[in-house]
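**Student:**
4 protein chains.
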Amino acid sequence: MSSDKKIRVVLIGGSGYAGYEVIRWLERHPQAEIIGVYGPEHELGPMDEFYPLLNKQVNLVQELFEPGKLAALGGDVAMLCVPHKVAMSYAPALREAGLRIIDWSADYRISDQALYEKWYVPHTDPEGLATAVYGLPEYYADKIANAPLVANPGCYPTCTVIGAAPLIKAGLIEPDIISNAVTGISGAGRTPNLKFHFPERNENFEPYGVDGHRHMPEMEQVLTDVTGKATQVLFIPHLAPMDRGMLCSIYATPIGDVTAEQLLDVYQAAYADKPFVRVRETILPATKYVSGTNFCDVAVRVQKGKVIIFSALDNLLKGASGQAIQNMNIMFGLPEDMGLY
Amino acid sequence: MSSDKKIRVVLIGGSGYAGYEVIRWLERHPQAEIIGVYGPEHELGPMDEFYPLLNKQVNLVQELFEPGKLAALGGDVAMLCVPHKVAMSYAPALREAGLRIIDWSADYRISDQALYEKWYVPHTDPEGLATAVYGLPEYYADKIANAPLVANPGCYPTCTVIGAAPLIKAGLIEPDIISNAVTGISGAGRTPNLKFHFPERNENFEPYGVDGHRHMPEMEQVLTDVTGKATQVLFIPHLAPMDRGMLCSIYATPIGDVTAEQLLDVYQAAYADKPFVRVRETILPATKYVSGTNFCDVAVRVQKGKVIIFSALDNLLKGASGQAIQNMNIMFGLPEDMGLY
Amino acid sequence: MSSDKKIRVVLIGGSGYAGYEVIRWLERHPQAEIIGVYGPEHELGPMDEFYPLLNKQVNLVQELFEPGKLAALGGDVAMLCVPHKVAMSYAPALREAGLRIIDWSADYRISDQALYEKWYVPHTDPEGLATAVYGLPEYYADKIANAPLVANPGCYPTCTVIGAAPLIKAGLIEPDIISNAVTGISGAGRTPNLKFHFPERNENFEPYGVDGHRHMPEMEQVLTDVTGKATQVLFIPHLAPMDRGMLCSIYATPIGDVTAEQLLDVYQAAYADKPFVRVRETILPATKYVSGTNFCDVAVRVQKGKVIIFSALDNLLKGASGQAIQNMNIMFGLPEDMGLY
Amino acid sequence: MSSDKKIRVVLIGGSGYAGYEVIRWLERHPQAEIIGVYGPEHELGPMDEFYPLLNKQVNLVQELFEPGKLAALGGDVAMLCVPHKVAMSYAPALREAGLRIIDWSADYRISDQALYEKWYVPHTDPEGLATAVYGLPEYYADKIANAPLVANPGCYPTCTVIGAAPLIKAGLIEPDIISNAVTGISGAGRTPNLKFHFPERNENFEPYGVDGHRHMPEMEQVLTDVTGKATQVLFIPHLAPMDRGMLCSIYATPIGDVTAEQLLDVYQAAYADKPFVRVRETILPATKYVSGTNFCDVAVRVQKGKVIIFSALDNLLKGASGQAIQNMNIMFGLPEDMGLY
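This is the structure:
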């Protein structure tokens, strides 16, 4: 695109934590601008009333989402930040209005419709699903570039795939891994619930979703696709008493003799030209070292006959908003990292 | 009472944070036992399902509160831990069943019915109100001893009154004070609300209720009553990102020349025989130093022509459950501090 | 012992977080009393200056540790709460003074002297080591009862062994497990360090000690000993932003076909008569549910061909002070759980 | 300056929390670049080893500060981020090297040398002090524009002055105020200390510096200077368990009858053209609403015959790094808010 024309972004559903982040970051983006924010009837109003932090920085008002108005907007891309099921009910109208779509829900992440329906609900937009591209730029940048609809990945799959894919692909670990994952509470969204009530979560560390979390089939699908090996993931998430950040401690069985140095080389080669993956040696990944950034930090160790991979990211950025902007940059031919430092 | 007969406590409303604390502490109490827990229809069941921490420690089940069953229970005292308005609707039946009452709500704290009704709702039990005693043992122990109904004080009034009363009473400060108060989030109760959602409160410090908090008339009434001087309080509460603890920084205007040493003497004399007030000199009150205890710590300074008083307590203990047990001990002729260390 | 004579406890090193807890809990203990607190020259003084929370509750002063004074004290047992290496330099004098010893350091936990010296320092008290008993009451109660010296276990080994031992012993999982462990920061002790500086740890989740933590050989030794199978543990600890609490997520390979129900039965049988182990079914272990208690909560799941065990405890209680008191109770013929609720 | 030449910034002392922030924000600044980072001998090395978060974002190395090297650097301005006393020992050499200076220490904030020396140490650069300008842009922008040395204000004075100055200046409150202030722990710097050890601060709220904090004479000087009325401040700071953020609850006595509406008008007029002050009406200032921004939020209430002002900012940004960049923009003729959203 010409340098004097900015990408015109339509934001659908700006009142969640990730919606808020995407507003903050797009405000700084030199080649994009938000031209409208739309949401459901019970969540309308100035964005700085939802997020007082935005006051005097942005002047956006969330208006009622009405499909009929979309065509006249003249937007280039919709950031579709609504829950699954709602997302696929909005997507066709966005498509018809000529907008490319970056969907943040799970609706277009699982390409096998039957598998999606097993874990979620009946799919109502198979046409959209057929053309959707999984938006993990480190592995799908070429397809993302021309995709009409990009399914922005889940935070846990992003963290686990970036961590485990290089070694599975290289045939250095068995495609059967354990991802012991930890997230901050913003990942649970903004709807109040006893589970996320401050006194229940503060000073508490707790596993959840241990009998099957919906991000599990997603990460298995993507790992299998990008490595070429049918991969199984035992995925156990936990909640830590903090706002943001995610760390996966991934355990795997090596194939043959491997050394940490050898594995490190594989990571360095795999991510040499990826601006948002940092391969760590002595300083291990930690959530604070990626907080407020779009980076995913990875490190690897060999011990006791196992391979251990650490992978950390900010669940609201590389796990949501930052990745969405990274996808947008690629879709519109901009440098992948524009506006993301 | 004879040493071999324990106080038989009926707990009404055990599913809140303070209810939970009173269960834990009464389990340790050598002269009291909980003989039943009762609550509303939507909150019935084993207490260790509400509070997994209680599992294998207590075997209590919250059953439906039915006034007709009370007389047959043979209890000595009811801990009435339900919201205001509900409390005064339950109290008459408890009275008829021969139970003395320790009420944790605001319903019996404000002795002036009109003032109560200005800040809360119409009062439905004026008979109970007429005989209620304000349960701040440091100032009302004599009356508490024989009271049929004790109104367990609010956390903020407890903290502010213990802090300010000695100097107002001694005529050393003007009866017109500022109480800048800070509380942990458990003080807001256990009902989920966006305001108390973890990501809204964590890493956040915020004033609230600045246009008039209901604890203000309560603390003015009590300070006026115990000091004999009509006292006015500008009360500004704040929320700090922590589970428990309360600290009031109280600002006052001295009457005449005062020194910190002189004021310290007043505190030491006022609280010399009070087991749960600790007068501090070099180490200032801090919430962590009273956490998990029934203590209220106080300290005083003179600076820039003002008197500054610091007062700290655990909002769930001296601010609620611990104080209720302290009141119970006094009502039944036991040492005031029994079971409270 | 006769019921009217209390156990006379000598506390060596009371100024750490666990020392503080043991003081608080022994104050409540009906059959024990602290008769003296001793420490190094730079840490002397009233305990309530180290821990303002103890003010008006205990009147203990940490005095200089001088071996010559010990015999005259007439104590029954020493709680030896000093760092490794120092502990074994003090133990002989305590022994000579006729005191039984509960040592909180690592000095007597690893029975194989060469293994100890590989991970720590040269051992200077092999005589003490020869008679030491590992103080995990769920597995060594008989030996603890008569031991002259009990090695109070590390927090991580306690959590991992209670979690994994029943299934290894029953031959239902391979004796080659992964323990992904998470602890609150109090576990790191009270010495200031950039690593534990508030702004470095708050809002941070981080792995550490991944190249070999000293608790690893300890847990391998104990698991091997109590299960009868040579056990290997890949142990990866992490720091979570909270004061206290520990949770181990343990991953194992089942032997043959197993079901969650079958494994649950094994746990219920193994811990039926153990007062401080709670086997959980629907409510998973979480640090908040054991905080401030001496319980260790365990739960088990089968998923994706793996067995997952969750085990949680309070690192300062079941992981340190509470376990020490539990050991003391057993050593002196008292009910195991006396004073521990 | 011409748009194609960036401001060349020399950073002295980049290893503290505020130094880290200034690096992150200057990286985004369209018209400034860091050309060198210098520090003391024991703190040299790549900035991304001090702050792993900076990895792959900046490539800066802290080198030894040697005055002789400065002239050759060709820098425009020095950000002098070292402790007081050290700052004034470095400033003369920076001046001689032709650099303008933004000093973050207290060394040039108090214009009365005797007053400075009463609270700090003997002043060794009276020449620099004579030309220094106090860097609070909302009140000193004109002088800052041409100043050779700008004294970047303390966080507490910034928060208190922005909050209180308009009403004192307008003669609507007495020039004798109480500033009850609360800060996150990053304000204490990065040097480990028991006071700031995680388990000492977490779940703790505590007053400190109550017998006289060094920011008090600074805020009195500035309030007096900008309002034209000799102002006295009773300043009581507290520590809250969070990383960043500051909130001052300021209490004042009105002069004559005032209404909240009237006072609000004064604030709106005072800060109408100040990009980083947000005057709030219904939503009160809270630390989370300014976190990560350069804003200072203010609100005012009238109650019980007193005026209450709330003022909040991010101690690392408007309280340090952000304000320094704001000053730099003004010094070099750029829009005041460039690079600060």
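Each protein sequence line maps, in turn, to chains F, R, S and E.
One point on numbering: in my numbering, the residue at position 84 of the first sequence is 78, and numbering is uninterrupted.
One point on numbering: in my numbering, the residue at position 307 of the second sequence is 301, and numbering is uninterrupted.
One point on numbering: in my numbering, the residue at position 65 of the third sequence is 59, and numbering is uninterrupted.
One point on numbering: in my numbering, the residue at position 150 of the fourth sequence is 144, and numbering is uninterrupted.
Just so it is clear, CB atoms sit at the ideal spot from N, CA and C, and this is done for glycine as well.
With 9 Å as the threshold, decide whether the Cβ of D205 of chain E is near any Cβ in chain R.
**Tutor:** Yes - at least one Cβ of chain R is within 9 Å of the one on D205 of chain E.
**Student:** For a test of the three-state rule: what should DSSP assign to N174 of chain S, helix, strand or coil?
**Tutor:** Looking at N174 of chain S - three-state DSSP - the assignment turns out to be strand.
**Student:** Output the distance between the C-alpha atoms of G181 of chain F and G181 of chain S, rounded to the nearest integer angstrom.
**Tutor:** Looking at the two C-alpha atoms, the distance is approximately 27 Å.
**Student:** Taking Cβ positions only, does H191 of chain S come closer than 9 Å to chain E?
**Tutor:** Closer than 9 Å to some Cβ of chain E, the Cβ of H191 of chain S qualifies, so yes.
**Student:** State the start and end residues of the unbroken alpha helix (DSSP H) segment that holds M41 of chain F.
**Tutor:** It spans M41 to F44 - the alpha helix (DSSP H) in which M41 of chain F sits, taken as one unbroken run.
**Student:** What does DSSP give as the partner residues of C290 of chain E in its beta bridges?
**Tutor:** Looking at the DSSP assignment, C290 of chain E forms a beta bridge with E:V271 and E:L307.
**Student:** Helix, strand or coil for C242 of chain S, going by three-state DSSP, please let me know.
**Tutor:** Strand.
**Student:** Can you tell me which of the three DSSP states Q56 of chain R falls into?
**Tutor:** Residue state, collapsed to three classes: strand.
**Student:** How far does the beta strand (DSSP E) with L232 of chain E in it extend, from its first residue to its last?
**Tutor:** The amino acid at residue 232 of chain E is misidentified as Leu; the sequence shows His. Here the beta strand (DSSP E) through H232 of chain E covers Q226 to L233.
**Student:** Could you tell me if E255 of chain E is buried or exposed, where buried requires 16 or more neighbouring beta carbons within 10 angstroms of its beta carbon?
**Tutor:** Exposed, by the Cβ-count rule.
**Student:** With DSSP as the reference, label L143 of chain R as helix, strand or coil.
**Tutor:** In this structure, L143 of chain R counts as strand in the three-state DSSP scheme.
**Student:** Does any C-beta atom of chain R lie closer than 9 Å to the C-beta of N140 of chain F?
**Tutor:** No, N140 of chain F lies away from the interface with chain R (no Cβ there is under 9 Å from its Cβ).
**Student:** When the Cβ atoms of the region 196 to 205 of chain S are set against those of the region 236 to 243 of chain S, are three or more pairs found closer than 8 Å?
**Tutor:** Cβ pair count under 8 Å is below three, so no.
**Student:** Nearest CA to the CA of P77 of chain S: which residue from S:G250, S:G178, S:Y102 and S:A91?
**Tutor:** Among S:G250, S:G178, S:Y102 and S:A91, the Cα nearest to that of P77 of chain S belongs to S:Y102.
**Student:** Strictly under 9 Å for the Cβ-Cβ distance: is E37 of chain S near chain F by that measure?
**Tutor:** Cβ-Cβ to chain F under 9 Å: no for E37 of chain S.
**Student:** Tell me where the alpha helix (DSSP H) around M341 of chain F begins and ends.
**Tutor:** Residue coverage of chain F in this structure runs from -5 to 335, which leaves residue 341 of chain F outside it and unanswerable.
**Student:** Is F289 of chain S close to chain F, meaning its C-beta is less than 9 Å from at least one C-beta of that chain?
**Tutor:** No, F289 of chain S lies away from the interface with chain F (no Cβ there is under 9 Å from its Cβ).
**Student:** Just to confirm the assignment, what range does the beta strand (DSSP E) spanning M73 of chain E have?
**Tutor:** Counting along the chain, the beta strand (DSSP E) containing M73 of chain E begins and ends at V71 to L74.
**Student:** Use the C-beta contact count for G327 of chain F: other C-beta atoms within 10 angstroms, 16 or more gives buried, fewer gives exposed.
**Tutor:** Burial call: exposed.
**Student:** Taking Cβ to Cβ, would you say D70 of chain E is nearer than 9 Å to R2 of chain E?
**Tutor:** Yes, the Cβ-Cβ distance between D70 of chain E and R2 of chain E is below 9 Å.
**Student:** For F44 of chain E, collect the residues of the same chain with a Cβ closer than 6 Å to its Cβ; drop the 5 residues on either side in sequence, then sort them by chain order.
**Tutor:** Cβ neighbours of F44 of chain E beyond the five flanking positions: S9.
**Student:** I'd like the list of long-range same chain contacts for K268 of chain F, defined as Cβ closer than 6 Å, with 5 residues on each side in sequence excluded.
**Tutor:** Closer than 6 Å at the Cβ level, and outside the excluded window around K268 of chain F, lie E132.
**Student:** Below 8 Å on the Cβ atoms is my guess for G313 of chain F versus E212 of chain F; work out the distance and round it to an integer in Å.
**Tutor:** With 8 Å as the limit, G313 of chain F and E212 of chain F do not qualify as a contact, their Cβ atoms being about 13 Å apart.
**Student:** In terms of residues, what are the limits of the beta strand (DSSP E) holding L161 of chain E?
**Tutor:** First-last for L161 of chain E: C149 to K163, but that is the alpha helix (DSSP H), not the beta strand (DSSP E).
**Student:** Does the region 92 to 106 of chain S come within contact of the region 117 to 135 of chain S, defined as at least 3 CB pairs closer than 8 Å?
**Tutor:** Segments in contact, yes.
**Student:** Restricting to Cα atoms, I'd like to know which of S:T118, S:G129, S:L257 and S:N174 is closest to G165 of chain S.
**Tutor:** Of S:T118, S:G129, S:L257 and S:N174, the residue nearest in Cα terms is S:L257.
**Student:** Check the Cβ of R195 of chain F against every Cβ in chain R and list those closer than 8 Å, keeping chain order.
**Tutor:** Residues of chain R passing the Cβ test: F192.
**Student:** In whole angstroms, give me the CA-to-CA distance for Y265 of chain S and V252 of chain S.
**Tutor:** One C-alpha to the other measures close to 20 Å.
**Student:** Between V296 of chain F and Y134 of chain F, what straight-line distance do the alpha-carbon atoms span, to the nearest angstrom?
**Tutor:** Cα-Cα distance, rounded: 29 Å.
**Student:** Locate the alpha helix (DSSP H) running through A126 of chain R, then write down its first and last residues.
**Tutor:** Unbroken run through A126 of chain R is the beta strand (DSSP E), A126 to Y128; no alpha helix (DSSP H).
**Student:** Would the beta-carbon of F199 of chain F fall within 9 Å of that of A280 of chain S?
**Tutor:** Yes; because the gap between Cβ atoms is below 9 Å, this pair is in contact.
**Student:** G13 of chain R: buried (16+ other C-beta within 10 angstroms of its C-beta) or exposed?
**Tutor:** Buried, by the Cβ-count rule.
**Student:** For K(-1) of chain R, does the count of other Cβ atoms within 10 angstroms reach 16, so buried, or fall short, so exposed?
**Tutor:** The residue in question, K(-1) of chain R, is exposed, as its Cβ has fewer than 16 Cβ neighbours within 10 Å.
**Student:** Is there a Cβ from chain S that is less than 9 Å from the Cβ of A280 of chain R?
**Tutor:** Yes, contact with chain S.
**Student:** Helix, strand or coil: which one does DSSP assign to R2 of chain R?
**Tutor:** Correct three-state label for R2 of chain R: strand.
**Student:** When the Cα atoms are used, what is the spatial distance from L48 of chain E to P193 of chain S?
**Tutor:** Each residue's Cα considered, the two are about 16 Å apart.
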